[in-house]
Structures are given as structure tokens and as C-alpha cells.
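Shown next, in C-alpha cells, is the structure this report addresses.
Number of protein chains: 2
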Amino acid sequence: MIFSSKAEYGVRLMVELGRQSPEHPTSLKAIADAEGLPLAYLEQVVARLRKAGLVMSARGAHGGYWLARPAEKIAMDEVVQALEGAIAPMECFVHDHTERVLCSHEPDAGRGCATKLLWTRVQGGIIRSLQTTTLADLVEFSRRGERVPAATV
Amino acid sequence: MIFSSKAEYGVRLMVELGRQSPEHPTSLKAIADAEGLPLAYLEQVVARLRKAGLVMSARGAHGGYWLARPAEKIAMDEVVQALEGAIAPMECFVHDHTERVLCSHEPDAGRGCATKLLWTRVQGGIIRSLQTTTLADLVEFSRRGERVPAATV
DNA sequence: AAATACCCTACCTCCGTGGTAGGATATAAC
DNA sequence: GTTATATCCTACCACGGAGGTAGGGTATTT
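These protein sequence lines map, in sequence, to chains A and B. Its first residue numbered 1309, the first sequence is counted upward by one per residue in the working numbering. Its first residue numbered 1309, the second sequence is counted upward by one per residue in the working numbering.
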């Protein structure tokens, strides 16, 4: 699998925040109830988004979270990166020579590393698809079909 | 991480086979020695490639493996798929409702699933980048720079 | 018959994932 | 100023898959 549940839950959380008006903060509990997700785990997820500067928070009663920027200005590669860490197709793309998987991605034998070429292309494909999608796209998509009888499935 | 060592080792194995002339089979031991990979584990990896019809094999002395098709006719999405299984960005894309990660990818509340839109785009980006790369591309790349003094790094 | 090499299955260890538990701190309402 | 709300922080834990190892069986050549 490519992404873990942190990405799934975190993106859903961001979409929920994007659906709210940013006047008053939204509590995690409201989101956990709406999406059916464990609150304590969501706290860990949202902490990553906060540290990445994607959401802001207010403590205390009537506190909660809201988007740090308008949804149109948030590209999804930022979000996924904050949640999952570096987006790398292979172990040795992220750690420097401390990995388990045997890596010949250095041209030690004086020849080009074929797998590195492949993984680089894959990485480009992923990042491009994430960069060209904004949170606003997802929010709008989640609004489509809402309250609309199933005319076109 | 996106792909496991099976993909890394398996792709390297395919490149090695692509570098050989297909007249005589190449033994796994030769590949394991050349790449510094554990032989017993490579056997499991190559079994997936064989079952997918990407390589053929001959048993006994002077046996070994060779490409079932010319490298130009082998797209890398087939290879990676054989090694890793279905290429899915999220758990619920592959198993049907038997997964752990809570999934709202069914429009249960009558609204579009925003994360599904995102993961579908990512999946498309990955598969496209794999489809447009052939094994021949990787073999050629691995030949470039070979035996060539480092003029352009 | 001996060496080579594919083929198959069972087993094992380590570590990340996906949480839970329990508290500390800040704010608002009364 | 106490109570309720809600963010914050850290430690802990069980499970499963990754990444192998081990050991044998079978086919083919020399």
C-alpha cells in the first residue's frame, strides 16, 4: 500500500475543515463523530497538520481547528507530505545509506542505476498529481451530489 | 514507503535479464552474485515474475531464466504489478470491505467521496508513469555510462 | 551418479502501523 | 473560581507484514 490511514484520516479532516466557514473553529470531536474516527488518534494526525502550518488551533471551550489558508491555496502534496513524511517510492530515496534494502542507486560500477530512473519517474507522477489538486477541488467534489437524488451515478 | 524490496530486486533482476542475450538462460546465482542479493529470497521474487508470464525458466544444469518477451514489449506496470500486487494508493482500493482502515469511499451519505477522488488521481499518475516506461528503457539506461570515463556526471 | 539449478513450503525476527491510556494545560461560561 | 470543554503531549501496546532463512524436492546436463 502506498499511503497509510494517517493520510486518509488527515485528508478527510482537511476536507471537513474546508467545508466549514472559517469564522468559528471546529472541534476534533465534531469531526470524529461525523467521520466515525477515533478522537485520540485524530489528535495525533491533526498535530502533524498543525506543525506543518496547514491548520491553526484555539484551546479551551469552543476551541478547535481551522484552515490556516483558504482551501484554494492549499495543494494536496503539502497535506500528504505533512501526514506521511517524504513521498518516496523506495526506501533509499529518503534515508541516506541507513536503510535495510540493498541499494545500488549509486553508480558504483560506473553504470547508470536503472531502478533509480524508474522510481524517479514514479515519484514525479505522484507528486505532479498531488500538486495539481487543491483542497478546494476536494471540498467542491464533496459538495457535489450532496442532497442531490441519484440522477447520474 | 511505496514499493517494497520485492519491487526493487525484481526490477533489477529483469534489467539483468534484459542485458543478457536471450540465447542461453541466466542462473539466479549469477544475478544474486552480480547484484549482491540473497539467492533464496530472489527465488521467491522471480517466482512471481514467472507466474505472471514475464520470464521463462529451464531447470537442471545450465538452466536459468530469460525474458518471455523482448524488453521493448514489456511495460514496467506489468512488472511492478506482478511483484507488488495491485497498485493501490489506499487499503480500501484493493480489498473489498475487509480492511482495517475506516473507509467512507462509498457515497453512503449521498455525497461524493473526496479522498477517493484524490487517490484515484494519484493512482493514475503512478500507473501512467509505469506504463510509459519499458524494460528496454531501463536496460538502455543501465548501459549508458558503462565503460565510459566520467566525462559528464 | 554427481553436479547444477529450479521449485516449493514452512518458519522466524524485527519494526511500523494503528491505535489506547492518561494526564497536563488553556479558555469560556456560569 | 469552579466546572466543562477542548487542545496538547507522551508513553505504551498488539498485530501483521516485510524481509528474509532453512531445508528439502525435482528436473536436466555432464
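We treat Cβ as the ideally placed atom computed from N, Cα and C, and that holds for glycine.
Asked: Contact under 8 Å by Cβ, E1399 of chain A with M1322 of chain B; Found: no
Asked: A1376 of chain A (DSSP reduced to helix, strand or coil); Found: coil
Asked: Contact check, E1316 of chain B vs T1428 of chain A, beta carbons under 8 Å; Found: no
Asked: Simplified DSSP state of M1322 of chain A, which is helix, strand or coil; Found: helix
Asked: Counted within 10 angstroms of its Cβ, other Cβ atoms place S1329 of chain B as buried (16 or more) or exposed; Found: exposed
Asked: Where the stretch 1360–1389 of chain B meets chain A: residues whose CB sits under 7 Å from a CB there; Found: M1384
Asked: Near-chain A residues of the stretch 1425–1438 of chain B - C-beta to any C-beta below 9 Å; Found: L1425, L1426, W1427, R1429, V1430, Q1431, G1432, G1433, I1434, I1435, R1436, S1437, L1438
Asked: Beta-carbon proximity of V1447 of chain A to G1371 of chain A, cut-off 8 Å; Found: no
Asked: Counterpart residues of S1365 of chain B in DSSP-defined beta bridges; Found: B:Y1373
Asked: Start-to-end residues for the alpha helix (DSSP H) that takes in A1383 of chain B; Found: Segment: none, A1383 of chain B is in no alpha helix (DSSP H) and carries neither H nor E.
Asked: Sequence-distant residues of the same chain with beta carbon closer than 6 Å to V1430 of chain A, five excluded per side; Found: P1397
Asked: Unbroken stretches of the alpha helix (DSSP H), 4 residues or longer, contained in the stretch 1324–1355 of chain B; Found: 1336–1343
Asked: Continuous alpha helix (DSSP H) stretch holding G1433 of chain B: start and end; Found: 1422–1439
Asked: Test: E1350 of chain B CB closer than 8 Å to a CB of chain A; Found: Before going further, note that residue 1350 of chain B is Leu rather than Glu in the sequence given. False, the Cβ-Cβ gap to chain A never drops below 8 Å.
Asked: Below-8 Å beta-carbon distance, S1450 of chain A vs any chain B residue; Found: yes
Asked: Straight-line gap, L1426 of chain B to G1433 of chain A (C-alpha atoms, nearest Å); Found: 13 Å
Asked: Selected residue, minimal CA-CA separation from E1380 of chain B, among B:I1395, B:A1360, B:L1350, B:Q1439; Found: B:Q1439
Asked: Residue environment, P1346 of chain B, which counts as buried when at least 16 other CB atoms sit within 10 Å; Found: exposed
Asked: Simplified DSSP assignment, three categories, for P1415 of chain A; Found: Bear in mind that a pLDDT of 49 at P1415 of chain A, under 50, signals an unreliable position, so the number given afterwards is only what the model happens to contain. Three-state result, P1415 of chain A: coil.
Asked: Within chain A, the residues that P1397 of chain B reaches when beta carbons sit closer than 8 Å; Found: M1309, I1310, F1311
Asked: Cross-chain neighbours of V1319 of chain A in chain B, by beta carbon under 8 Å; Found: A1422, T1423, L1426
Asked: 6 Å CB neighbourhood of R1350 of chain A in its chain, flanking five on each side removed; Found: Contrary to the premise, residue 1350 of chain A reads as Leu rather than Arg in this sequence. Hits under 6 Å: L1336, A1340.
Asked: N-terminal and C-terminal residue of the alpha helix (DSSP H) that A1444 of chain B is part of; Found: 1443–1451
Asked: Burial state of G1318 of chain B, where buried means 16 or more other Cβ atoms lie within 10 Å; Found: buried
Asked: Inter-residue Cα distance where the pair is G1443 of chain A and A1376 of chain B; Found: Per the sequence shown, residue 1443 of chain A should be read as Leu rather than Gly. Looking at the two C-alpha atoms, the distance is approximately 45 Å.
Asked: Candidates A:G1361, A:F1449, A:S1450, of which the one nearest L1391 of chain A by Cα; Found: A:G1361
Asked: Cβ of V1353 of chain B within 8 Å of any chain A Cβ; Found: no
Asked: Alpha-carbon to alpha-carbon, F1449 of chain B and R1358 of chain A; Found: 42 Å
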